[in-house]
Amino acid sequence: MDEDQRTLAVAIGTAIRSARRDAGLTLRDVAAETGLSQPFLSQAENGHSVPSVMNLHRVAQVLGTTAHALLEQGARTPTSLVRSREGRRFALSDGAVLRFCSTGVRAMEPNEVTAQPGSQAGEHTEHAGEEFIYVIDGSIRVEVGVEESYVLDRGDTLYYPATVPHRWFNDAGEPARFLITSTPPSF
Numbered sequence: 063m064d065e066d067q068r069t070l071a072v073a074i075g076t077a078i079r080s081a082r083r084d085a086g087l088t089l090r091d092v093a094a095e096t097g098l099s100q101p102f103l104s105q106a107e108n109g110h111s112v113p114s115v116m117n118l119h120r121v122a123q124v125l126g127t128t129a130h131a132l133l134e135q136g137a138r139t140p141t142s143l144v145r146s147r148e149g150r151r152f153a154l155s156d157g158a159v160l161r162f163c164s165t166g167v168r169a170m171e172p173n174e175v176t177a178q179p180g181s182q183a184g185e186h187t188e189h190a191g192e193e194f195i196y197v198i199d200g201s202i203r204v205e206v207g208v209e210e211s212y213v214l215d216r217g218d219t220l221y222y223p224a225t226v227p228h229r230w231f232n233d234a235g236e237p238a239r240f241l242i243t244s245t246p247p248s249f
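Residue numbers (the numbering used here): 63 to 249.
Structure, rendered in structure tokens:
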């Protein structure tokens, strides 16, 4: 783990521990609700490992917050500037990277995803609110519910209720880049 990763691991661990204690939960409680082991959660809280994006999302849901809020530890300013080479980045899955496009806790959550051919979001997910996708480059397929599937190409958009199970795939033979915005923040 390099210096930047160590700093991030400690910050995330501190935020998780604080949120867990505020929620009145033990490591055992969080482990039972997330399906993650107590030793793994302890390592994360102590800054010895950085949870994957999906595991951080699971922990945040149990703690009644979002992964973004844990990462930003409640920082809030009226404006948020994130330069193209900035923004926290996390591996979503093999070949997919998510970049946070805002800082602090906001009413909506814009994220940029870079997805290599064959990558996908993983399991269907559902949560409160709505989502909007805008494809910057390439092509992706988005499943909304069990019967709807949309192929989105460069410049296409899709807006849908996030309460319906959904996920995306890059079935194309080229990388794709897209903006996915959720309100309220879910990640």
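Glycine included, C-beta positions come from ideal geometry on N, C-alpha and C.
Scanning the segment 159 to 239 for uninterrupted beta strand (DSSP E) segments of 3 residues or longer gives 171 to 177, 192 to 199, 201 to 206, 210 to 215, 219 to 223, 228 to 231, listed from N- to C-terminal end.
Put simply, of Ala224, Glu192, Gly191, Ile242 the residue whose alpha carbon is nearest the alpha carbon of leucine 214 is Ile242.
Rounded to whole angstroms, the separation of the alpha carbons of alanine 73 and aspartate 218 is 37 Å.
Of all C-beta pairs linking the segment 188 to 207 to the segment 150 to 164, fewer than three are shorter than 8 Å, placing the two stretches out of contact.
In this structure, tyrosine 196 lies near phenylalanine 240, with their beta-carbon atoms less than 8 Å apart. In the DSSP annotation of this structure, serine 248 is not part of any alpha helix (DSSP H), being labelled neither H nor E. Beta-bridge partners of arginine 83 (DSSP): none assigned. Taking the C-beta atoms as reference points, glycine 126 is found no nearer than 8 Å to alanine 169. Phenylalanine 152 has Leu160 as its beta-bridge partners, per DSSP. With respect to the 8 Å criterion, alanine 71 and valine 112 are classified as neighbours on the basis of their beta carbons.
Assigned with DSSP and collapsed to three states, leucine 132 falls in helix.
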